[in-house]
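2 protein chains.
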Amino acid sequence: MTIQGYTVAVVGATGAVGQQMVKYLEEREFPVKELRPLASKRSAGGTISFKGQEVTIQEATPEAFEGVEIALFSAGGNVSKVLAPEAVKRGAVVIDNSSAFRMDPQVPLIVPEVNADKIKEHQGIIANPNCSTIQMVVALKPLLDRYGIERIIVSTYQAVSGAGWKAAIALEEQSKAVLNGEEVTPSVLPVGKLDKHYQIAFNVIPQIDVGQENGYTFEEMKMVNETKKILGDDSIGVTATCVRVPVVRGHSESVYVELKSEYDLEEVRQLLSEAPGVVVQDDIQEQVYPMPLQATDRMETFIGRLRRDLTHPRGLNMWVVSDNLLKGAATNAVQIAEALIDQDR
Amino acid sequence: MTIQGYTVAVVGATGAVGQQMVKYLEEREFPVKELRPLASKRSAGGTISFKGQEVTIQEATPEAFEGVEIALFSAGGNVSKVLAPEAVKRGAVVIDNSSAFRMDPQVPLIVPEVNADKIKEHQGIIANPNCSTIQMVVALKPLLDRYGIERIIVSTYQAVSGAGWKAAIALEEQSKAVLNGEEVTPSVLPVGKLDKHYQIAFNVIPQIDVGQENGYTFEEMKMVNETKKILGDDSIGVTATCVRVPVVRGHSESVYVELKSEYDLEEVRQLLSEAPGVVVQDDIQEQVYPMPLQATDRMETFIGRLRRDLTHPRGLNMWVVSDNLLKGAATNAVQIAEALIDQDR
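Chains as they are written, first to last, in full-length UniProt numbering: chain H, 1 to 345; chain G, 1 to 345.
Below, the structure is given as structure tokens:
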């Protein structure tokens, strides 16, 4: 790799996250020598704009990775499983936004503010965590370092764009239909490939991703398992309830954390204020707290509603909001790439 | 009181809850000899329909309670504080839906499925709990009786109608504006009388009712204090995060409960299935769980997503949904009235 720039592929460049990746590479002035947008055969031949130029989208095939140094994948687990090894074989480092490799012990699972030191252990693939996990661990890391964490009980309020543009369009169309008194025929959420679909407009759906035998959804188990892996501590208890709400962008989380030692609330506020990537917005009496609308298009993680559990000396409540397409996906992936090239220098 | 029927006043008869009270008195065939709808001077002179007749709305004054035997109040705490004692003075039993008297040790706070036995302790006023509390205690009571409860950690997803029709209209108007690409000027939520108002359409607001010095909102403290009072156990730890979501009717709650003894999940499901006022909808693999749209206009409390905390042997997650205007307010108030006249017989 050279400092004049890298050949960067974005796989799934036309998707909700892929578009943000391209935009973010440009905004952050990531050293791109050549951008290679890749997508399905259907989208190939079209163009996307990058730094004022129209760049042609190519079909994502094994050969398309020839000469690619960094490949950002966001086209679903199946595409990653097939093509990420092909990209690695051709010399690329893959940063993968799907769940395909996240729990593979050979693959570092990275949130740069939390565990950038693990990047160097990669063997070609680095995994980008689940959106709802990323913002939570950014908020928890300073508390883990200072107090230790016994357990986490989290309930999420997740935006529809986490399920792709299709879901965002469905929310808009359903909302229009309801407001016009027309029938709604849901076809996307909670999970496109499952049998039953429910209205998300003016509703909430307590299912994200498929259900498992143990009663949890796959999304909930991602939060459990990925949190432990990223924080590097298998002893932390994590239990999650993941819920879809009629919001376009911005995941919110009600996070209850039981620390290992007693804490001072002012110190917690201070620690979080100083933490990388965090903005504290916390004053209920002045009506200051994070909300998804305000977090949209921002790359930070916003934290508010900090307060102690009045009935448990080590219990802390907080409210964590971040743009699921940015810090929850595209921003984090590009930050991994940045940390990667920093470490290589 | 006679079995031929009672003179029943509904104070706040034109409000979101008051309308449901009148509707529900009719549907349940509550023995009403005379319905006396009361409201502000502004609404007086209008009519509401009851059992096929148009009944004239009177201004809520102390004298309006002459001859009233049961008075259902749902016109806010200030109206209750002034007029409930006047109604009692004139011989009525007041069932009050405001927060004015709930924590008064002289006033029973009743959810009939849970603590109907306390009704007889009333001294003229019986309080109807907060909407978000009612559905939670209905779900918890069978678990308390069987296993004991150590602590409760709850995050809510509350519908806008909990803040009255104004908030429901605001959600509709804001949603239309957003979909038409127009500017939104919020003026109702989170709390009408506070300085700052936020958009609820396609957003979530982590504030319900006013903020307090301890970092909690008044709504959150209602859940803490009322739950202990209704369950009759001050040792139960309760901590709450109350959040408004863009839903018209139906509050949802992610309830984490740490029981006092270990439990069998199948037994929990069975206990809840047999509990009064409860419908269990619980099969994530078949995509069966409660949602606010499906709970609208239903008077039961719906419970699903039952699953054990995989990292704590006494930890249980559940998802509790109910129509905030019905079981959360009007239905519970009328059920209290029914229990009252049953006990008087």
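We put the beta carbon where it would ideally sit given N, CA and C, even for glycine.
For PHE73 (chain H), the uninterrupted beta strand (DSSP E) run begins and ends at 70 to 73, by DSSP. Here THR301 (chain H) is not near VAL243 (chain H), since their CB atoms are 8 angstroms or more apart.
For ALA177 (chain H), the enclosing alpha helix (DSSP H) covers residues 165 to 179.
Across the set H:GLY250, H:GLU338, H:ALA139, H:LYS166, the C-alpha of H:ALA139 shows the shortest separation from the C-alpha of ARG269 (chain H).
Distance check between LYS228 (chain H) and each of H:ASN180, H:ALA39, H:PRO108 places H:PRO108 closest, using alpha-carbon atoms only. The C-alpha of ALA329 (chain H) is placed about 14 angstroms away from the C-alpha of TRP165 (chain H). Residues are counted here when their Cβ sits less than 8 angstroms from a Cβ of chain G; for the region 318 to 336 of chain H these are TRP319, given in chain order. For VAL204 (chain H), the CB contacts under 6 angstroms within the same chain, skipping 5 residues up- and downstream, are VAL243, VAL245 in chain order.
Here DSSP, grouped into helix, strand and coil, assigns PHE218 (chain H) to helix.
Residues of chain G with a Cβ closer than 9 angstroms to the Cβ of PRO292 (chain H) are, in chain order, PHE202, ASN203, VAL204.
Here DSSP, grouped into helix, strand and coil, assigns SER155 (chain H) to strand.
Here SER273 (chain H) is exposed, its C-beta having fewer than 16 other C-beta atoms within 10 Å. Under the Cβ criterion of 8 angstroms, VAL79 (chain H) is not counted among the residues facing chain G. A distance of 8 angstroms or more separates the beta carbons of GLN135 (chain G) and GLY211 (chain H). If you compare the alpha carbons of H:VAL279, H:ASN115, H:ALA168, H:MET318 with that of ARG249 (chain H), the shortest gap goes to H:ALA168. Look at HIS251 (chain H): its C-beta is not under 8 angstroms from any C-beta on chain G. Cβ-Cβ distances below 7 angstroms link GLU121 (chain G) to PRO108 in the same chain, with the five nearest sequence neighbours on each side left out; the list follows chain order.
By the Cβ-count criterion, PRO276 (chain G) is exposed, with fewer than 16 other Cβ atoms from all chains shown falling within 10 Å of its own Cβ.
Annotation for TYR6 (chain H): the continuous beta strand (DSSP E) segment containing it runs 6 to 11. In the DSSP assignment, ASN317 (chain H) falls outside any alpha helix (DSSP H) and lies within the beta strand (DSSP E) extending over 315 to 322. Straight-line spacing of the CA atoms in MET223 (chain G) and LEU326 (chain G) works out to 18 angstroms. Interface annotation, GLU182 (chain H): not in contact with chain G, CB-CB separation never under 8 angstroms.
Burial is judged here by how many other beta carbons sit within 10 angstroms of a residue's own beta carbon; LYS193 (chain H) has fewer than 16 and is exposed. Per DSSP, THR133 (chain G) is one residue of the alpha helix (DSSP H) stretching across 131 to 147.
Three or more Cβ pairs drawn from the region 316 to 323 of chain H and the region 253 to 269 of chain H lie within less than 8 angstroms of each other, which places the two stretches in contact. For ALA39 (chain G), the uninterrupted beta strand (DSSP E) segment begins and ends at 32 to 39.
For THR301 (chain H), no CB of chain G lies under 8 angstroms from its own CB, so it is not counted at the interface with that chain. Among the residues of the region 126 to 144 of chain H, none has a Cβ less than 7 angstroms away from any Cβ of chain G. Its chain contains PRO31, VAL32, LYS33 as the residues whose beta carbon lies nearer than 6 angstroms to that of GLY5 (chain H), once the 5 sequence neighbours on both sides are disregarded; these appear in chain order. Under the 10 Å beta carbon count, ASN180 (chain H) is surrounded by fewer than 16 other beta carbons and is classified as exposed. Interface annotation for the region 264 to 286 of chain H against chain G: LEU265, ASP282, ASP283, ILE284, GLN285, GLU286, criterion Cβ-Cβ distance under 9 angstroms. GLU172 (chain G) belongs to the set of residues whose beta carbon lies under 8 angstroms from a beta carbon in chain H. LEU272 (chain H): member of the alpha helix (DSSP H) spanning 265 to 274, first to last residue.
With a contact defined as Cβ atoms closer than 8 angstroms, VAL68 (chain H) and ARG90 (chain H) qualify at about 7 angstroms. Beta-bridge partners assigned by DSSP to ARG244 (chain H): H:GLN158, H:ILE205.
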